[in-house]
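See below for the structure under consideration.
There are 2 protein chains.
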Amino acid sequence: MPAPNSKHWLDEVKWNNDGLVAAIAQDIHSGRVLMMAWMNRESLALTIREQRAIYWSRSRQALWRKGESSGHVQVLHDIALDCDGDTLLLQVEQIGDIACHTGRQSCFYRGLQDEQWQSREPILKDPDQIYDK
Amino acid sequence: MPAPNSKHWLDEVKWNNDGLVAAIAQDIHSGRVLMMAWMNRESLALTIREQRAIYWSRSRQALWRKGESSGHVQVLHDIALDCDGDTLLLQVEQIGDIACHTGRQSCFYRGLQDEQWQSREPILKDPDQIYDK
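First to last, the sequence lines map onto chains A and B.
Reading the first sequence from the start, the letters are residues -14 to 118 in this note's numbering.
Reading the second sequence from the start, the letters are residues -14 to 118 in this note's numbering.
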């Protein structure tokens, strides 16, 4: 239980001008950084309540329950807030071992080599198959 | 060398309205996520040229050569771009093993427990000592 008169934990987050906070998802088993997305107050509260990553889609302007169409849910194991309160770090179990909509394990699949961003990670599942569910 | 007529790698980054891209630094040895900061075009180009993390300080509106006053330089080992091009992931060697200005290893030292953000990581060095250099 929070101490009396203490600030609500959601109020300690430093929301940006759009009411959002950056959220990094890291695979709790491999340690790989899987993706970075955004959360608003509602999605963060839901993430804690449901113990799964729920982001705010800036393009759709809607809650984004990660995995709702793909099945690639991110089960929450831990959440941390950084020193200036504007970034979250989630430790997640990545169901299906695919975080990226391209069918790859991580969204960070392009490395800089010879002055070009070069893909260096296999597609584990065809996106058409992921989103036909 | 880039192929003729190919897009410059800096132009493949999806800069936000402020001309910035999010940059996550991960410790190449421990796999810990150390911090998240921002880069503009100049700081990213310098990061690659000098092979160390150089951010853009939004508060100071100036280049931020990580470690320039603390000595806690981040030596660059690898850089990756995410699927939608708006977040970078750096693999770094963290000199001094301290990334956070509070004197902790990682900026993500507060975990959510009992509905409070609770510090759970030791201060390795007094910040007054870090910045007296």
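Built from N, CA and C at the ideal position, the CB exists for glycine as well.
Where the beta strand (DSSP E) through A/Asp12 begins and ends: First-last of the beta strand (DSSP E) with A/Asp12: 6 to 12.
Pair within 8 Å by beta-carbon distance, A/Cys92 and B/Cys68: It is a contact, given that the beta carbons lie within the stated cut-off.
Span of the beta strand (DSSP E) around B/Thr72: Here the beta strand (DSSP E) through B/Thr72 covers 72 to 79.
Close beta carbons around A/Arg105, own chain, < 6 Å, minus the five adjacent residues each side: Around A/Arg105, the same chain offers Gly96 as residues with beta carbons nearer than 6 Å, after the five sequence neighbours per side are excluded.
Short Cβ contact (8 Å threshold) for A/Ala7 with A/Asp71: For A/Ala7 and A/Asp71, yes; Cβs fall inside 8 Å.
Buried or exposed (CB count within 10 angstroms, at least 16 for buried), A/Asn25: The residue in question, A/Asn25, is buried, as its Cβ has 16 or more Cβ neighbours within 10 Å.
Beta-carbon contacts of A/Asp3 that lie in its chain and below 7 Å, excluding the five residues immediately before and after: For A/Asp3, same chain residues with a beta-carbon under 7 Å away, outside a window of 5 residues either side, do not exist.
Coil, strand or helix - B/Asp111 by DSSP: Under the three-state reduction of DSSP, B/Asp111 is assigned to coil, being neither helix nor strand.
Residues in the segment 59 to 75 of chain B having any Cβ partner in chain A nearer than 9 Å: Under the 9 Å Cβ criterion, the segment 59 to 75 of chain B contributes Asp63, Ile64, Ala65, Leu66, Asp67, Cys68, Asp69, Gly70, Asp71, Thr72, Leu73, Leu74.
8 Å contact criterion, which A/Leu61 and A/Leu75 should meet: CB distance rounded: Indeed, because the Cβ distance is near 6 Å, the residues count as touching under 8 Å.
Reference B/Thr87; option with closest CA among B/Arg34, B/Leu109, B/Gln79: Sorting B/Arg34, B/Leu109, B/Gln79 by C-alpha distance to the C-alpha of B/Thr87 places B/Leu109 at the top.
Any chain B beta carbon closer than 8 Å to A/Val18: Under the Cβ distance rule, A/Val18 counts among the residues neighbouring chain B, one pair being separated by less than 8 Å.
Distance, B/Ser(-9) Cα to B/Arg89 Cα: Roughly 42 Å separates the two Cα atoms.
Helix, strand or coil at B/Ser136 [DSSP, three-state]: Nothing can be reported for residue 136 of chain B: it is not among the residues displayed for chain B, which extend from -14 to 118.
8 Å CB neighbourhood of B/Lys118 in its chain, flanking five on each side removed: Its pLDDT being 46, under 50, B/Lys118 is placed unreliably by the model, and the measurement read from it follows with that caveat. Here the set comprises Ser54, Ser55, Gly56.
Residue-level contact to chain B via CB, A/Trp0, 8 Å cutoff: It does not; no Cβ of chain B falls within 8 Å.
Proximity below 8 Å, CB of A/Arg45 to CB of A/Gln59: Using a Cβ distance threshold of 8 Å, A/Arg45 and A/Gln59 do not count as a contacting pair.
Three-state class that DSSP yields for A/Ala47 in the structure shown: Here A/Ala47 sits in strand by DSSP.
Neighbour flag for B/His57 against chain A, beta carbons, 8 Å: No, no contact with chain A.
Cα-Cα separation between A/Ile13 and B/Leu19, rounded to whole angstroms: Rounded to the nearest angstrom, the two C-alpha atoms are 15 Å apart.
Three-state secondary structure assigned by DSSP to A/Arg17: Three-state DSSP puts A/Arg17 in coil, outside helix and strand.
Which listed residue (B/Gly52, B/Arg34, B/Ile33, B/Glu27) has its alpha carbon closest to that of B/Trp41: When only C-alpha atoms are compared, the closest one is B/Glu27.
Cβ-based burial, B/Gln103 [other Cβ within 10 Å; buried from 16]: B/Gln103 comes out exposed.
Same chain, Cβ closer than 6 Å to A/Arg50, neighbours up to 5 away in sequence not counted: Short of 6 Å from the beta carbon of A/Arg50, and not among the five residues preceding or following it, lie these beta carbons of its own chain, in chain order: Ile39.
Unbroken beta strand (DSSP E) run spanning B/Ser42, endpoints: Residues 39 to 42.
Continuous beta strand (DSSP E) stretch holding B/Leu(-5): start and end: Per DSSP, B/Leu(-5) is not a residue of any beta strand (DSSP E), being assigned neither H nor E.
Cα-Cα separation between A/Leu48 and B/Asp113, rounded to whole angstroms: Spanning the two alpha carbons is a distance of roughly 42 Å.
Bridge partners - A/Gln59, DSSP secondary structure assignment: Under DSSP, A/Gln59 takes part in a beta bridge, and its partners are A/Gln79.
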